[in-house]
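Residue numbers for the sequence shown follow my numbering, beginning at 1117 and rising by one.
Positions of the beta carbon are idealized from the N, C-alpha and C atoms, including for glycine.
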Amino acid sequence: MSAQKNTPPNPIDACVRDNLEAFFRDLGGQEPHSMHEMLVKLVEKPLFEIVMREAGGNQSKAAQWLGINRNTLRRKLTDHNIG
1117 MSAQKNTPPN PIDACVRDNL EAFFRDLGGQ EPHSMHEMLV KLVEKPLFEI
1167 VMREAGGNQS KAAQWLGINR NTLRRKLTDH NIG
């Protein structure tokens, strides 16, 4: 992380935008399908992994931070094979 110390942070929305633009370039003119589902799955897993780590594995705390019900969090953790 020290290598990034002098580099300004790249906001999440800019990272998403850059990657979506690359995704469309890589499609080579083909039309995408089910992008919303694909993006939600791609973003949810690292989100839940990091939040669970930062919450020390405390599901109640993690659910509160995420603004979701603890049962929903448990289901999502199972869906993503986390935990």
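For H1196 and E1147, the rounded distance between their alpha carbons: Their Cα atoms are separated by approximately 27 Å.
Other residues of its chain near P1127: CB distance less than 6 Å, five sequence neighbours each side excluded: The beta carbon of P1127 is closer than 6 Å to none in its chain, skipping five residues each way along the sequence.
Straight-line Cα distance separating R1186 from R1169: R1169 and R1186 have their C-alpha atoms spaced approximately 16 Å apart.
Where the alpha helix (DSSP H) containing Q1146 begins and where it ends: Where Q1146 is concerned, there is no enclosing alpha helix (DSSP H), given that its DSSP letter is neither H nor E.
A1171, DSSP secondary structure in three states: Reduced to three states, the DSSP call for A1171 is coil.
Residue from T1123, A1178, R1141 and L1155 with nearest C-alpha to D1129: Checking every option, the nearest Cα to that of D1129 belongs to L1155.
CA-to-CA distance, E1165 to L1136, given in whole angstroms: Spanning the two alpha carbons is a distance of roughly 22 Å.
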